[in-house]
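*Asks:* Chains as they are written, first to last, in the numbering used here: chain A, 2 to 193; chain B, 58 to 368.
See below:
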């Protein structure tokens with residue numbers, strides 16, 4: 002993102018996931034009142050969503066479990082959506098709620114926070130704090146009108162490569178019919 | 058240190074006792090500053106009072122408009138705190154607290170923002186405050202009061218008029234009805250509601266500045282690196298601010314209602330806090346925030362048997 006400000010930089014930023022061929026989604030016209038796509042989206046918005054549109058997912062992956070799990074998924078040649086961006090954090094407890102809100106604010110269509118199963122944390126207790134925090138956070142996000150299907154927290158251990166594949170694929174499949182997420186309360190890119 | 062209880066039969070007697078205690082504390086030089094309330098300039102408003110000398114104590118009052126939670130003023134003078142810390146023969150600060158204020162005071166002591174020994178706490182049994190625009194009805198924040206008697210004090214002015222305590226949490230009260238109204242909206246309408254609210258916000262940070270549990274020396278919204286919110290006023294950053302603030306005070310909010318009182322745009326700032334408070338009630342088996350020194354804030358500890366939704 003910093004590169005795009007640099008006039009000497011002519012190349013577009015490399016996609017984080019190798020082999021991604023998905024073009025950037027065309028921004029759609031969504032009225033301000035339509036912050037959240039209503040429940041029955043299939044008929045109305047299906048024609049608006051470009052056929053090749055794929056949801057952009059940000060994964061906060063804990064270094065000791067989920068990141069290893071994602072690595073295993075890759076080593077095992079398990080296919081998962083190429084529009085997934087994995088961001089490594091030292092512990093799922095490092096994932097400040099601000100990070101999640103910021104991701105939505107900047108236009109991610111879905112966010113996954115993933116860490117070790119309770120009891121397995123490298124730092125012993127980090128993910129218990131994560132659990133409390135995001136039990137509240139999910140309720141708050143729903144309360145302010147964000148579709149709860151766009152935000153997920155999940156425990157994925159280092160040996161659960163297939164689970165990583167499954168969770169990310171599920172999340173992408175759930176979000177695809179919902180269409181692009183409107184950046185949280187954006188008023189024409191002032192904050193982009 | 059719940060030492061002394063003084064009985065007062067009515068509001069006049071409470072006021073009388075307040076002035077007596079204050080005068081005595083200043084005359085024996087136990088304290089050099091007393092935080093209390095005085096009559097405001099406008100009708101139906103009371104204002105914070107800073108009492109330094111015995112001849113000022115007759116300004117002190119206690120009525121149904123003493124909304125101000127004075128505990129934040131204890132943080133307001135860092136020099137004073139340093140001076141107190143450096144001086145062995147230090148003088149304390151005395152502070153008048155209602156039930157809700159005493160909870161935020163416990164929160165500040167738990168967060169190591171103030172030292173219990175440096176404060177002389179004068180508790181007042183609170184009869185419940187009144188709305189300033191309609192003096193016949195109880196203030197919204199007082200409906201859900203958990204404790205009319207301060208939970209911590211050095212001296213308590215006891216009153217028979219005190220409001221009965223409500224052990225049942227938010228359920229059945231106006232705050233809960235407001236929450237339910239929004240929760241029952243379809244998601245799109247709910248989103249529009251909040252967008253409208255965040256559009257009206259002018260991000261003056263009054264709700265943060267007045268909040269007795271927002272005690273960070275440098276707030277994340279004042280930082281330039283990382284720059285979490287821009288200098289401009291736009292809906293997106295306003296929403297970010299309100300959500301993050303709600304999460305920062307989650308589990309520590311004592312529902313003193315100062316954020317909503319101080320909002321110049323009259324936004325329902327308390328709604329987000331109430332929502333999180335209600336969620337905490339439903340999810341975790343815990344007493345309300347800062348009811349005693351033994352339980353830390355909800356997000357500062359955990360139980361292995363917490364609800365599991367993320368498998």
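Every residue gets a Cβ at the ideal spot worked out from N, C-alpha and C, and that includes glycine.
If you run the structure through DSSP and keep just helix, strand and coil, what is residue 192 of chain A?
*Replies:* Walking along the first chain from the start, residue 192 of chain A turns up at place 191. Low per-residue confidence applies at residue 192 of chain A: pLDDT is 34, beneath 50, and the placement is therefore not dependable, though the value from the model is reported in the following sentence. DSSP places residue 192 of chain A in coil when its eight states are reduced to three.
*Asks:* Any beta-carbon of chain E closer than 7 angstroms to the one on residue 98 of chain A?
*Replies:* Protein chains A and B are contained in the structure displayed, whereas chain E is not.
*Asks:* Taking 6 angstroms as the limit between beta carbons, can you name the residues of its chain near residue 96 of chain B, skipping five residues before and five after?
*Replies:* Your numbering for residue 96 of chain B matches position 39 in the second chain. Closer than 6 angstroms at the Cβ level, and outside the excluded window around residue 96 of chain B, lie 118.
*Asks:* Please name the residues in the segment 129-140 of chain A whose beta-carbon is closer than 9 angstroms to at least one beta-carbon of chain B, in chain order.
*Replies:* Within the segment 129-140 of chain A, the residues whose Cβ lies closer than 9 angstroms to some Cβ of chain B are 129, 130, 131, 132, 133, 134, 135, 136, 137, 138, 139 and 140, listed in chain order.
*Asks:* Going by other Cβ atoms of all chains shown within 10 Å of its Cβ, with 16 needed for buried, is residue 62 of chain B buried or exposed?
*Replies:* Counting from 1 along the second chain, the entry for residue 62 of chain B is found at position 5. Per the 10 Å Cβ criterion, exposed.
*Asks:* What ranges does the alpha helix (DSSP H) occupy inside the segment 256-302 of chain B, keeping only unbroken runs of at least 4 residues that lie completely in it?
*Replies:* Within the segment 256-302 of chain B, the complete alpha helix (DSSP H) runs of at least 4 residues are 263-267.
*Asks:* Looking at C-alpha atoms only, which residue of B:329, B:345 and B:184 is the closest neighbour of residue 139 of chain A?
*Replies:* Counted from its first residue, the first chain places residue 139 of chain A at position 138. With distances taken between Cα atoms, residue 139 of chain A lies closest to B:329.
*Asks:* Below 8 angstroms CB to CB, which residues in the same chain sit around residue 22 of chain A once its five sequence neighbours on both sides are set aside?
*Replies:* As a first step, residue 22 of chain A is located in the first chain; it is residue number 21 there, counting from the start. Because residue 22 of chain A carries a pLDDT of 40, less than 50, the predicted location of this residue cannot be relied on, and the following value inherits that uncertainty. If we look at residue 22 of chain A and ignore the five residues flanking it on each side, its Cβ neighbours are 83.
*Asks:* Beta-carbon within less than 6 angstroms of residue 142 of chain A's beta-carbon, same chain only, minus the 5 sequence neighbours each way: which residues are those?
*Replies:* By one-based count along the first chain, residue 142 of chain A stands at place 141. Taken in chain order, the residues that qualify are 152.
*Asks:* Is it the case that the Cβ atoms of residue 180 of chain B and residue 213 of chain B are separated by a distance below 7 angstroms?
*Replies:* The sequence position of residue 180 of chain B within the second chain is 123, counting from 1. The sequence position of residue 213 of chain B within the second chain is 156, counting from 1. Contact flag set, yes.
*Asks:* Which word fits residue 288 of chain B, buried or exposed, when buried means at least 16 other C-beta atoms lie within 10 angstroms of its C-beta?
*Replies:* Within the second chain, residue 288 of chain B is the residue found at index 231, counting from 1. So residue 288 of chain B ends up on the exposed side.
*Asks:* What residue range is occupied by the uninterrupted alpha helix (DSSP H) comprising residue 72 of chain A?
*Replies:* Counted from its first residue, the first chain places residue 72 of chain A at position 71. Residues 67-76.
*Asks:* Determine which residues share a DSSP beta bridge with residue 115 of chain A and list them.
*Replies:* Within the first chain, residue 115 of chain A is the residue found at index 114, counting from 1. Note: residue 115 of chain A sits in a beta bridge opposite A:62 and A:155.
*Asks:* Which residue spans inside the segment 145-179 of chain B form an unbroken beta strand (DSSP E) run of at least 3?
*Replies:* Within the segment 145-179 of chain B, the complete beta strand (DSSP E) runs of at least 3 residues are 149-154.
*Asks:* Quick one: what's got a C-beta closer than 7 angstroms to residue 316 of chain B's C-beta in the same chain, skipping five residues either side?
*Replies:* Within the second chain, numbered from 1, the residue matching residue 316 of chain B stands at position 259. 264, 267, 268, 326 and 327, listed in sequence order.
*Asks:* Contact between the segment 167-177 of chain A and the segment 73-93 of chain A: three or more CB pairs below 8 angstroms?
*Replies:* A contact exists between the segment 167-177 of chain A and the segment 73-93 of chain A.
*Asks:* Please list the terminal residues of the continuous beta strand (DSSP E) segment that includes residue 182 of chain A.
*Replies:* Here residue 182 of chain A corresponds to residue number 181 of the first chain, with the count starting at 1. From DSSP, residue 182 of chain A is part of no beta strand (DSSP E); its letter is neither H nor E.
*Asks:* Going along chain A, which residues have a C-beta under 8 angstroms from residue 188 of chain B?
*Replies:* Here residue 188 of chain B refers to the residue found at position 131 of the second chain. Correct list: empty, because the minimum Cβ distance to chain A is about 25 angstroms.
*Asks:* Let me see if you follow: with CB-CB separation under 7 angstroms, is residue 80 of chain A close to chain B or not?
*Replies:* Translated into positions along the first chain, residue 80 of chain A becomes position 79. Judged by the 7 angstroms Cβ criterion, residue 80 of chain A is not in contact with chain B.
*Asks:* Specify the secondary structure class of residue 108 of chain B as computed by DSSP and reduced to three states.
*Replies:* Within the second chain, numbered from 1, the residue matching residue 108 of chain B stands at position 51. Residue 108 of chain B falls in the strand class under three-state DSSP.
*Asks:* So that I know if they touch, is there some Cβ in chain B lying closer than 7 angstroms to that of residue 146 of chain A?
*Replies:* Position 145 of the first chain, counted from the first residue, corresponds to residue 146 of chain A. Yes, its Cβ sits closer than 7 angstroms to a Cβ of chain B.
*Asks:* What distance in whole Å lies between the Cβ atoms of residue 101 of chain A and residue 64 of chain A, which are believed to be in contact at a cut-off of 8 angstroms?
*Replies:* The count along the first chain starts at 1 and reaches residue 64 of chain A at position 63. The count along the first chain starts at 1 and reaches residue 101 of chain A at position 100. Going by Cβ atoms, the distance from residue 64 of chain A to residue 101 of chain A rounds to 18 angstroms, so no, they are not a contact pair.
*Asks:* I think residue 9 of chain B touches residue 76 of chain B, with their Cβ atoms under 8 angstroms apart; what is that distance to the nearest whole Å?
*Replies:* What the structure shows of chain B is the stretch from 58 to 368, and residue 9 of chain B is not part of that stretch, so it cannot be assessed.
*Asks:* Using a Cβ-Cβ distance cut-off of 7 angstroms, determine whether residue 156 of chain A contacts chain B.
*Replies:* By one-based count along the first chain, residue 156 of chain A stands at place 155. Taking Cβ atoms only, chain B reaches closer than 7 angstroms to residue 156 of chain A, which makes this a yes.
*Asks:* Would you say residue 167 of chain A lies against chain B (beta-carbon separation less than 7 angstroms)?
*Replies:* Here residue 167 of chain A refers to the residue found at position 166 when the first chain is read from its first residue. It does not; no Cβ of chain B falls within 7 angstroms.
*Asks:* For a contact meaning CB atoms closer than 8 angstroms, what does residue 337 of chain B contact in chain A?
*Replies:* As a first step, residue 337 of chain B is located in the second chain; it is residue number 280 there, counting from the start. Residues of chain A passing the Cβ test: 137.
*Asks:* Among B:365, B:175, B:333 and B:364, which one has its Cα closest to the Cα of residue 144 of chain A?
*Replies:* Start at 1 with the first residue of the first chain, and residue 144 of chain A comes out as number 143. Selected option, being the one with the closest Cα: B:333.
*Asks:* By the 7 angstroms beta-carbon criterion, what residues does the segment 294-314 of chain B contribute toward chain A?
*Replies:* Correct list: 294, 296, 297, 300, 301, 303, 304 and 307.
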